[in-house]
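Down below is the structure, laid out as structure tokens.
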Amino acid sequence: MEFSELIRTGQAQAELLRGPEMPPLRGTLCVTGHHLLLSPGPQATPDLWLLLLRSVDSIEKRVAGDAGTITLRCKDLRVLQLDIEGVEATLDIARSIEALSSLESVITSFPFFYRPKGLRLGESWHFHPPERYYKRVARETRAWRLSEANEDFSLCPSYPRAVIVPRAVDDDALARSAHFRQGGRFPVLSYYHAPSGTVLLRSSQPLTGPQKRRCAEDEELLQAVLAGARPGSRGFIVDTRSAQAAKQARMTGGGTEAKSAYPGWKRLHRPLERGRPLQESFVHLVEACGDLEQSMDRWLSRLDGCRWLSHVKEALSTACLAAQGMEWEGACILVHGAEGTDSTLLVTSLAQLILDPLSRTMAGFQELIEREWIQAGHPFQLRCAHSAFSHTRPKHEAPIFLLFLDCVWQLGRQFPLSLEFGEGMLLALFDHSYASSFGTFLCNSEKERCLCEVRTRTHSLWSGLNQPKEQRKLRNPLYAPNPLAIWPSVEPQSLQLWQGLFLRWTHPPEPSEVAWEKVWQIATDQEKTEGSQPTDSASEPQP
Amino acid sequence: MVKYEELYCFSFNPKLDREEREQGWMLIDLSEEYKRMGLPNNYWQLSDVNRDYRVCDSYPTQLYVPKSATAPIIVGSSKFRSRRRFPALSYYYKDNHVSICRSSQPLSGFSARCLEDEQMLQAIRKASPGSDFIYVVDTRPKLNAMANRAAGKGYENEDNYSNIKFQFIGIENIHVMRNSLQKMLEVCELKSPSMSDFLWGLENSGWLRHIKAIMDAGIFIAKAVSEEGASVLVHCSDGWDRTAQVCSVASLLLDPHYRTLKGFMVLIEKDWISFGHKFNHRYGNLDGDPREISPVIDQFIECVWQLMEQFPCAFEFNERFLIHIQHHIYSCQFGNFLCNSQKERQELKIQERTYSLWAHLWKNRGDYLNPLFRDDSSQTQGTLRLPTPPCNFMYKFWSGMYNRFEKGLQPRQSVTDYLMAVKEETQQLEEELEALEERLERIQKVQLNRTQVKSKQSEPSKHSGFSTSDNSTANTPQDYSGNMKSFPSRSPSQGDEDSALILTQDNLKSSDPDLSANSDQESGVEDLSCRSPSGGECAPGEDSGKDRDSDEAVFLTA
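Chains A and B are the protein sequences, given in the same order. Per numbering that gives the first Met the number 0, the very first residue in the first sequence carries number 0; after that it's consecutive. Per numbering that gives the first Met the number 0, the very first residue in the second sequence carries number 0; after that it's consecutive.
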């Protein structure tokens with residue numbers, strides 16, 4: 000076993016500090032292949048403290064005298080401090096954590112070893128969203144079909160095996176369109192909006208290049224989309240890059256749809272931040288949130304300077320624009336940026352939450368994430384390799400998924416009764432996307448997940464989250480189904496810093512926890528009385 | 000020049016008889032409040048030195064002072080204080096037998112002394128036998144206080160007073176605050192600002208920095224009183240603006256009673272109305288000097304809101320209560336906030352000629368309850384403990400106040416209203432259940448045959464009504480294209496005016512300010528609008544029609 004080579008020391012005596020509000024823990028510290036354990040002495044509570052090594056983002060060691068201190072900054076933004084007896088032990092433990100937390104191999108990661116009680120392997124992996132979702136679409140319209148042209152991932156390595164495409168377009172045409180799109184991501188159906196009979200599509204950029212190449216099949220595909228919708232339907236292409244950036248992409252073989260080649264379609268540019276600038280924005284925000292000494296004015300300018308809330312505003316505005324186009328203009332919408340695996344998914348998934356009441360339920364939201372993020376090929380392994388504390392230069396990291404969760408939180412704040420899941424669900428998704436015992440967020444695409452046999456060898460996060468004991472944490476007790484679209488305000492006055500995430504570990508959680516308890520109590524009181532009502536009236540005396 | 004008699008409260012007639020009006024004025028009784036604090040006792044007594052406002056015309060007649068402070072000491076001290084506002088008790092913390100006292104600045108200049116004033120402070124210290132010093136907190140920036148010395152005013156010299164610890168806490172003066180609010184309101188009124196425009200403007204206004212300064216002062220005093228067991232004397236210049244803010248914030252932090260509906264009314268009555276906060280000047284009820292106008296109590300009310308955000312279960316009342324109080328400070332519909340002092344109010348016979356806001360709020364208290372209030376929880380009992388080090392994140396922009404007329408900016412569904420409706424319904428169901436059970440018991444006892452016990456028919460309809468929510472406002476999209484069009488749900492009548500300050504004539508006339516979500520005062524369970532409070536101003540159909548056009552334009556221009 001390779002782990003044993005990386006573990007420099009068995010154990011040491013240590014004290015763990017977990018922030019200002021939590022009492023320190025003393026005990027025996029122990030590094031295993033996947034975890035850091037602290038086992039308190041017999042006099043203390045019997046609870047074992049456990050940290051998944053994968054969740055360590057950065058590690059800092061300091062020695063003084065015959066003791067050492069290790070500061071662990073975790074991917075969930077927690078900061079932990081370990082005071083360890085013995086210089087040698089400190090250095091050994093630090094080296095072990097460093098080595099083990101940065102292992103790249105997927106199949107030796109913890110989800111492949113995690114076997115919790117009460118869950119069966121293979122459970123909840125039965126989600127096959129394209130197929131399942133297609134059934135929903137097929138009930139409404141005959142214009143679309145499920146294509147298995149990508150069965151062996153040869154058309155597009157980042158798409159799932161099955162995708163939903165216009166019925167009028169055959170698999171050969173799809174192959175040619177795939178050839179014309181970056182990474183093979185040809186336009187596929189993301190969401191069918193039944194009330195207006197319009198669709199939301201996503202793809203990657205067309206490979207027009209400097210010669211302004213065209214592809215007849217790609218053009219036909221988009222033509223077929225309009226033909227399948229209501230007569231006279233228009234289409235809008237929401238490009239998540241600026242017009243300038245889209246133009247520049249031609250130099251490197253990319254580009255954007257030429258107006259003349261796609262009659263009926265109109266292009267809109269809504270630049271969204273991505274990649275390194277977004278990662279830096281995240282890093283700066285977390286830095287600012289960790290600085291408790293700054294003055295009030297400095298706080299506001301730092302909040303402004305890191306631009307995170309601007310990104311939230313832009314993402315929500317673009318999603319609203321796409322949703323509005325479908326709901327009010329009766330238009331079909333195609334969203335893409337460059338690769339079509341990041342800001343594209345952000346926009347399509349948010350637009351669905353705004354429009355589709357089903358996606359606001361617990362099950363629907365899980366399906367949305369599975370379908371629009373995981374199966375749609377958001378490269379989680381690359382994007383979430385490091386969080387905001389890492390010292391290594393970011394390569395592919397970007398908190399796009401976190402930005403999505405933040406936008407959902409903003410929706411939930413403005414429509415507190417319309418989402419079936421609560422803040423706890425969003426926090427859990429953030430934590431698990433960066434480090435998890437479950438296999439759901441492993442790898443970058445369906446293809447990789449198949450190769451690693453993720454579905455058969457790891458547990459699904461959904462089976463973990465859907466256990467009854469988790470519900471109180473994850474559900475919104477105020478939920479009442481809302482059949483309408485929810486249009487958020489995107490004015491700066493209406494958007495707030497997500498304190499529950501960014502200040503989760505620095506802020507005393509007690510007041511809000513007590514409030515949450517009370518909300519649950521009021522909600523369950525009502526259920527109880529409601530539940531007792533019919534039985535009592537039924538037990539009226541019988542003749 | 001407007002006369003008091005021309006103000007709305009002198010013609011406002013809510014159809015109450017004389018007795019009801021008098022009872023309304025008796026709802027909040029300060030002598031009861033001092034009794035609640037445990038006064039009088041061995042150390043503190045009610046003084047009649049200010050009978051007929053003989054010593055200080057901006058103070059109330061009923062004042063608590065240390066027993067050892069004789070009338071000559073008080074009178075002597077008053078002559079050494081601006082506007083003769085001598086040190087008097089604001090709050091007594093009986094757990095530690097210490098007090099928060101308030102006054103104006105001493106007329107110390109560069110070297111003046113006053114024996115009686117020194118004796119007065121000594122008397123305050125002696126009234127808390129457990130502590131060998133008192134804090135004297137000057138809430139002004141040090142520079143301002145020093146500048147005052149040149150005008151023969153200033154601050155206490157630690158050498159002259161035995162056993163005081165002197166402390167500056169820099170809160171800016173009314174002019175700075177007025178400008179700051181003005182700047183912040185300008186930011187609120189920007190058309191489709193970017194995030195940077197907004198955050199930069201908010202920072203530049205300095206508003207949240209000022210709120211924090213007031214809170215910091217309140218926290219300092221609350222800690223001194225509850226943790227160090229030391230009495231505190233607070234003053235600023237005249238002792239009716241910053242002093243009132245800071246004393247009331249500290250009291251609110253210390254005493255859970257002030258976090259209840261009635262207790263909060265008492266607090267405003269005590270620290271603001273009775274101690275002569277100049278409502279007339281600060282809120283410009285009569286056309287006065289514009290340089291006297293300043294949002295002093297607004298800031299206090301915002302401090303309370305900031306605390307409510309931090310401690311969602313600690314307050315018996317909700318945000319709407321604060322907004323309505325703030326509204327009526329400006330509305331002149333009730334007599335409470337008229338004039339600059341108790342004396343003026345007495346001369347005008349306010350209580351005989353106008354109605355009390357407190358009675359009105361109390362009558363409608365159902366609208367103002369916080370469903371999350373828990374008087375059993377540890378965080379709501381005793382002193383509210385704020386995190387140390389004090390962090391800036393807790394101070395947020397209060398869009399529910401400063402953008403309250405722009406419904407589109409507010410959350411479209413109200414948790415408070417929903418929970419209140421749920422609670423009410425639960426209670427009703429429980430009552431019905433109880434009634435049914437009683438009936439059942441009776442029936443079984445008498446063993447009546449074939450008696451039909453009809454369960455109330457209203458049940459099912461009520462239920463189905465309750466679970467289908469009215470989302471008319473939720474379904475109002477906005478302009479997401481970032482063009483220059485103004486906000487759709489902003490009705491023209493509330494357009495560009497200084498909406499937080501100036502109320503339109505319509506607002507003044509309506510007996511109930513339709514400020515926030517309670518367009519329906521009798522929000523029963525059947526009433527669905529409580530789910531998703533629609534202000535009731537803009538019909539959704541109309542609005543969406545408007546929007547449709549605008550969107551088309553947007554899409555075409557894009």
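We put the beta carbon where it would ideally sit given N, CA and C, even for glycine. Since we're looking at a predicted model, the values are computed, not measured.
Buried/exposed call for residue i, threshold 16 Cβ in 10 Å
| i | result |
| --- | --- |
| residue 452/A | exposed |
| residue 114/A | exposed |
| residue 228/A | buried |
| residue 106/A | exposed |
| residue 250/A | exposed |
| residue 189/A | buried |
| residue 64/A | exposed |
Residue interval of the beta strand (DSSP E) (run including residue i)
| i | result |
| --- | --- |
| residue 234/A | 234-238 |
| residue 265/A | 264-268 |
| residue 59/A | 55-63 |
| residue 44/B | 43-46 |
| residue 67/A | 66-73 |
| residue 14/A | 10-16 |
| residue 165/A | 162-165 |
Endpoints, the alpha helix (DSSP H) within which residue i is located
| i | result |
| --- | --- |
| residue 317/A | 307-328 |
| residue 442/A | Per DSSP, residue 442/A belongs to no alpha helix (DSSP H) and is neither H nor E. |
| residue 345/A | 342-354 |
| residue 88/A | 86-100 |
| residue 197/A | From DSSP, residue 197/A is part of no alpha helix (DSSP H) but of the beta strand (DSSP E) over 197-201. |
| residue 242/B | 241-253 |
Through-space distance from residue j to residue i, alpha-carbon basis
| i | j | result |
| --- | --- | --- |
| residue 333/A | residue 209/A | 23 Å |
| residue 322/B | residue 392/A | 49 Å |
| residue 354/A | residue 247/B | 47 Å |
| residue 5/B | residue 284/B | 10 Å |
| residue 157/B | residue 48/B | 28 Å |
| residue 129/A | residue 203/A | 18 Å |
| residue 428/B | residue 499/A | 35 Å |
| residue 11/B | residue 60/B | 28 Å |
| residue 523/A | residue 515/A | 12 Å |
| residue 625/B | residue 520/A | Any answer about residue 625/B is impossible in this case: the structure gives chain B only from 0 up to 557. |
| residue 395/B | residue 381/B | 25 Å |
| residue 451/B | residue 432/B | Caution is warranted here: a pLDDT of 48 is assigned to residue 451/B, below 50, making its placement in the model unreliable, and no coordinate value can be reported. |
| residue 455/A | residue 426/B | 50 Å |
| residue 422/A | residue 297/A | 28 Å |
| residue 206/A | residue 382/A | 24 Å |
| residue 256/A | residue 247/A | 13 Å |
Check whether residue i and residue j have beta carbons under 9 Å apart
| i | j | result |
| --- | --- | --- |
| residue 388/A | residue 285/A | yes |
| residue 309/A | residue 191/B | no |
| residue 183/A | residue 156/A | yes |
| residue 307/A | residue 405/A | yes |
| residue 409/B | residue 316/A | no |
| residue 344/A | residue 375/A | yes |
| residue 213/B | residue 241/B | yes |
| residue 121/B | residue 161/B | yes |
| residue 440/A | residue 432/A | yes |
Closest Cα partner of residue i within the set the options
| i | options | result |
| --- | --- | --- |
| residue 152/A | 444/A, 196/A and 462/A | 444/A |
| residue 150/A | 204/A, 474/A, 449/A and 55/A | 449/A |
| residue 200/A | 185/A, 255/A and 369/A | 185/A |
| residue 235/B | 112/B, 104/B and 295/B | 104/B |
| residue 377/A | 398/A, 504/A and 121/A | 398/A |
| residue 353/B | 96/B, 333/B and 365/B | 333/B |
Check: residue i C-beta below 8 Å from any heavy atom of the ligand SAM
| i | result |
| --- | --- |
| residue 95/B | With respect to the ligand SAM, the structure shown offers nothing to examine, as it has no ligands at all. |
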